[in-house]
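Visitor: Each residue of the sequence shown is one higher than the last, beginning at 2 in this note's numbering.
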Amino acid sequence: MACPEGKTADMFESQFGTNHQAHFLLFYLLKDLLLSSSTPAFNSRVVVVLPAPTGKDEELKKVWKNPQQAADTTAWGAVAKGLEGRGGVFQNDCQIAGACVAQSNGQAGPGYAEWAYNPGENKLSEKTLELLNLT
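Right, dumping it as structure tokens:
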């Protein structure tokens, strides 16, 4: 998402408000319903889709996924039996993604930057609860 610089109604930076706080708040508001409707056969899930660069560059369109291909991993994340009882995983191409590895051209490969994800860390969640006055 590359939106113009701006603020949310609560005066947070727009991309942070849209890409993190909105997802967090949606889950928070649905949490009790999700937990109560979960069954032993299938746990309720929330799949958060983060934006990827898009645009009108015709050369990049040749290597990027089309909308249907891009939706595959989202659908997989919502129903895959192998994800039952798991959370907080990065997914790519219908599988769990690990940390990315730099490629010979200097670009990052699929996955996440090691510094961006620590499954045992809750500081951002704790701070978001505080910022949204949910504590």
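For glycine and all other residues, C-beta sits at the position ideal for the given N, C-alpha and C.
1. Going by the DSSP bridge assignment, what does Gln-108 pair with across the sheet?
2. Quick one: give me the first and last residue of the alpha helix (DSSP H) that Pro-68 is part of.
3. Between which two residues does the alpha helix (DSSP H) holding Tyr-29 run?
4. Apply the 10 Å Cβ neighbour rule to Thr-74 and answer buried if 16 or more other Cβ atoms are within range, or exposed otherwise.
5. Which same chain residues end up closer than 7 Å to Gly-86 when comparing Cβ atoms and leaving out the 5 residues on each side of it in sequence?
Guide: Per the coordinate set shown:
1. DSSP lists no partner for Gln-108.
2. 68–80
3. 23–38
4. buried
5. Asn-44
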